[in-house]
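J.: Counting in the numbering used here, the sequence shown tops out at residue 333, every number present.
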Amino acid sequence: MKVGFIGLGRMGQAMARRILDGGHDLGVYNRTAEKLKPLTDAGAKPLSSIKAAANYGAAVFTMLADDAAVLEVVNKPGGLLESLAEGGIHICAGTHSVDCIQNLKKLHSDAGQVLIATPMLGRPQVVESGQAGMVLGGAKAALDRCRPLFEAIARRAFEAGADPVAAAAIKIANNFVLGCAIEAMGEGFALVRKYDVVPDVLYDVMTDGLFACSAYKIYGKIITEERYLPAGQRAILGLKDANLALTAAEAVGVPLPSGNVWRDRLVGALAHNEGEHDWAVMAKDQARASGLS
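Written out as structure tokens, the structure reads:
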């Protein structure tokens, strides 16, 4: 299948490489041109503009950091709204707010275009290994047309229904649960450390019993080793996710008391210039609050 791709940060690189390795014809565009090289060396075609990416194949992916970035790519002169053909498909793979996805859906619909939301489930390393999941929201005909691409990227795709907003809501809720789990681990590790317990012991107890799953194993190990660099998911993006969850919840009257604690730990980390650390650094912020070095 022939497809364009816009946005080649760590997650975009991982997704694009999976598409190439799946045998698809990929055209790539990024504002920072040097990010194209690893993919063009692997067979992707370098593209010089958003318009070129929009018209390269059957659809175009965006994998961008936040709402402002994707709205700019869609709305700017020469952007996706101007460049996609009637019936063209925008596959929006980033983690965006409910309001942003609702806005994009209306913009594309009014232009006779199609929006699919396909947020990823997993860190870039998990995507690279082919073990990530993705959530799909959009019209079934468009999803079916692009299914070979999803099969190349992810181990499993979870269909949320015909509305792209549903996929965004699931991704936001999933990040909320994961973020709160990491924050709670930070509290637990701080508690045992105050009793001079070696953190590895709590890690073994957790991951050999009730919490024997990848989230606790991966993030528990990072916290045990206090190894917050290099980051998988950066704290500054974790804060974005916390704000997305609290905003989405407020809009429909759902209290998320744990979400406020999660957000505050990330705010504390950023106040200590740790925004580029892994978001598990919230455990370090908890340790500081507990009087631990």
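Backbone N, C-alpha and C define an ideal beta-carbon position, used for all residues, glycine too.
All figures in this text were calculated on a predicted structure; none of them were measured in a lab.
Use the C-beta contact count for N70: other C-beta atoms within 10 angstroms, 16 or more gives buried, fewer gives exposed.
T.: buried
J.: How is the alpha helix (DSSP H) around L362 delimited, first residue to last?
T.: No information on residue 362 is available, as it lies outside the stretch 41 to 333 that the chain covers here.
J.: Would you list the one or two residues that DSSP bridges to Y69?
T.: I46
J.: For a test of the three-state rule: what should DSSP assign to A54, helix, strand or coil?
T.: helix
J.: Alpha carbon to alpha carbon, what distance is there between A99 and R185?
T.: Roughly 9 Å separates the two Cα atoms.
J.: For Q326, is the classification buried or exposed, using 16 other Cβ atoms within 10 angstroms of its Cβ as the cut-off for buried?
T.: With 16 or more other Cβ atoms within 10 Å, it is buried.
J.: With 16 as the cutoff for other CB atoms within 10 Å, does S169 come out buried or exposed?
T.: exposed
J.: May I have the straight-line CA-CA distance separating M51 from V167, to the nearest angstrom?
T.: 8 Å
J.: Applying the 10 Å Cβ sphere with the 16-neighbour rule, what's the burial state of T102?
T.: buried
J.: Considering only C-alpha positions, which residue in the set G278, N143, A182 and A311 is nearest to R163?
T.: Shortest Cα-Cα distance from R163 to any of G278, N143, A182 and A311 involves G278.
J.: Below 6 Å CB to CB, which residues in the same chain sit around G226 once its five sequence neighbours on both sides are set aside?
T.: M322, A323 and Q326
J.: Among G201, I90 and A288, which one has its Cα closest to the Cα of T72?
T.: I90
J.: Go through the stretch 58-114 residue by residue and report every complete run of the alpha helix (DSSP H) that reaches 4 residues or more, in order.
T.: 77-80 and 90-94
J.: Between D236 and T264, which are expected to be in contact by the criterion C-beta below 8 Å, what is the C-beta distance as a whole number of angstroms?
T.: Not quite, the Cβ-Cβ distance comes to about 15 Å (not below 8 Å), so this is no contact.
J.: Which residue wins for smallest C-alpha separation from F229, given the options A252, D106, Y256 and D65?
T.: Y256
J.: Going by alpha carbons, who is nearest to G49 out of P117, G134 and A84?
T.: G134
J.: Using the three-state DSSP reduction, which class does G128 fall into: helix, strand or coil?
T.: coil
J.: So what does DSSP say about E339, is it helix, strand or coil?
T.: The structure shown does not extend to residue 339, since the chain spans only 41 to 333, so no value can be given for it.
J.: Assuming contact is defined by CB atoms lying nearer than 8 Å, are I129 and V154 in contact in what I supplied?
T.: Yes.
J.: DSSP three-state label for G315, please.
T.: coil
J.: Consult DSSP for R345 and reduce its assignment to one of helix, strand or coil.
T.: No information on residue 345 is available, as it lies outside the stretch 41 to 333 that the chain covers here.
J.: For K42, decide whether its Cβ has a neighbour in chain C, counting only Cβ atoms nearer than 8 Å.
T.: The question asks about chain C, but that chain is absent: this structure has only one protein chain.
J.: If you count every other CB in all the chains shown that lies within 10 Å of the CB of C253, and 16 or more means buried, which is it?
T.: exposed
J.: Counting along the chain, where does the alpha helix (DSSP H) carrying E266 start and finish?
T.: Looking at the DSSP string, E266 is not in any alpha helix (DSSP H), and its letter there is neither H nor E.
J.: Would you mind working out which of A309, A182 and A289 sits nearest A208, comparing C-alpha positions?
T.: Residue nearest to A208 within the set A309, A182 and A289 is A289 (criterion: CA-CA distance).
J.: Grab the span of the alpha helix (DSSP H) containing A179 for me, first residue to last.
T.: Taken as a continuous stretch (DSSP letters only), A179 belongs to no alpha helix (DSSP H), as it is neither H nor E.
J.: Report the rounded CA-to-CA distance for M246 versus A221, giving the unit in angstroms.
T.: Roughly 12 Å between the two C-alpha positions.
J.: Once you ignore the five residues that flank M55 on each side, which residues in its own chain have a CB closer than 8 Å to its CB?
T.: F45, F101, M103, A133, M160, V167 and I193
J.: I need the DSSP call for V154, collapsed to helix, strand or coil.
T.: strand
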